[in-house]
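So for the sequence shown, my numbering puts the first residue at 10; every next one is plus one.
Heads up, the beta-carbon is just placed ideally off N, CA and C, and yes, glycines get one too.
The structure appears right after this line, and notes come after that.
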Amino acid sequence: MNRQTGFTLIEVMLVVTLLALTTATVVFNLPDSRQDMAQEQARRLYHKLQLLNEDAILNGQDYGIRLEEKHLSYHVLVLKVSGWQEYHSRFYVETQLEDSLQWVFTPGGGIWEHNDGLFKPESLFDDDMFADPEQKEKRQPPQILVLSSGEVTPFRLTIFPQGEKQTQGWQVVASESGEILLLAPGETDKSATGRKGRQK
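If you want it as C-alpha cells, here you go:
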C-alpha cells in the first residue's frame with residue numbers, strides 16, 4: 010500500500026505563523042542602528058576633544074574644530090602665525106557623519122555666542138589691499154577653540170537620527186568651567202557631572 014508523505018495545509022500554516030512571529034520578535038528587539046551610529050559619532054568627537062585638549066596643554070598649541078554643517082563633517086585646525094591651517098595628523102582626520110544622522114550646534118553663552126565677533130576684529134585699513142592674491146581666499150575659522158591654556162569654547166553639539174526628535178540625541182558638551190561631557194539621550198549636564206564625581 011503506497012502512502013503519500015508530505016505536510017498538511019495546517020502544518021504548513023503553523024510553520025509560517027511561527028516564522029512570522031519569530032521574525033517580528035527579532036525585528037522588534039533589534040536596536041536602532043541609527044541611534045548606535047549617533048552614539049558612536051558623539052563618542053568619537055568626545056574622545057577627540059579630550060585628546061586635543063591634552064595635546065594643546067602639553068605642546069602649548071592652540072587648536073580649533075571647524076564644523077561644516079552642509080557636509081555634516083568636521084576637521085581640526087591649528088593656529089599658526091599665518092592663521093588657521095589644516096592640522097595633518099593620523100589622530101585627527103576629517104570626520105564625516107552618515108547621511109542618516111543630523112546635528113544641532115549651539116555655541117555657549119556670553120561672548121562665545123557671538124562667535125563671528127571673535128574672529129573679525131575691526132581694522133583701520135583694508136587688509137585685502139595688501140594681501141597676496143593667492144592668500145585672498147582665507148580658511149574659515151573654527152567654531153570650537155581648544156586653547157593651550159586648557160580652555161575650551163563652551164558649546165553643545167547634539168547628534169541624532171534624521172526624522173527623530175533632538176531630545177533623542179547624544180550630546181557633546183563643553184561647559185563654562187572647561188569640562189567636556191558626553192551625555193546620553195535624556196541625560197542632563199548635572200546628572201553627568203554627578204556620575205563623573207562618583208566614578209572618581
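**Prompt:** Can you name the start and end residues of the alpha helix (DSSP H) that Ser42 belongs to?
**Reply:** Ser42 to Asn68
**Request:** Compute the distance between the beta-carbons of Gly117 and Glu63, then report whether it is under 8 Å.
**Result:** no
**Request:** Give me the Cα-Cα distance between Thr197 and Val182, rounded to the nearest whole angstrom.
**Result:** 10 Å
**Request:** Could you tell me which residues DSSP pairs with Lys89 in its beta bridges?
**Result:** Gly92
**Request:** Have a look at Asp108, Thr104, Pro170 and Gln177 and flag the residue whose alpha-carbon is nearest the alpha-carbon of His56.
**Result:** Thr104
**Request:** Run the CB neighbour count on Gly178, radius 10 Å, all protein chains shown included, and call it buried at 16 or more, exposed below.
**Result:** buried
**Message:** Let's see if you can read the secondary structure: which residues bound the beta strand (DSSP E) around Val113?
**Reply:** Leu110 to Pro116
**Request:** Report the three-state DSSP secondary structure of Thr104 (helix, strand or coil).
**Result:** strand
**Prompt:** CA-CA distance, Phe16 and Leu27?
**Reply:** 16 Å
**Item:** Sequence-distant residues of the same chain with beta carbon closer than 8 Å to His80, five excluded per side
**Value:** Gln105
**Request:** Quick one: give me the first and last residue of the beta strand (DSSP E) that Thr167 is part of.
**Result:** Phe164 to Pro170
**Prompt:** What does a CB cutoff of less than 7 Å around Gln44 pick up in its chain, not counting 5 residues either side in sequence?
**Reply:** Pro170
**Prompt:** When the Cα atoms are used, what is the spatial distance from Glu107 to Ser157?
**Reply:** 31 Å
**Neighbourhood of Val155 by C-beta, 6 Å cutoff - its chain only, sequence neighbours within 5 removed** = Leu61, Asn62, Ala65, Tyr72 and Val161
**Asked** Mapping DSSP to helix, strand and coil, what is Ala193?
**Response** coil
**Request:** Please go through the same chain and pick out, in chain order, the residues whose beta-carbon is closer than 8 Å to the beta-carbon of Ile189, but skip the five residues on each side of it.
**Result:** Tyr55, Leu58, Gln59, Asn62, Val161, Val181, Val182 and Ala183
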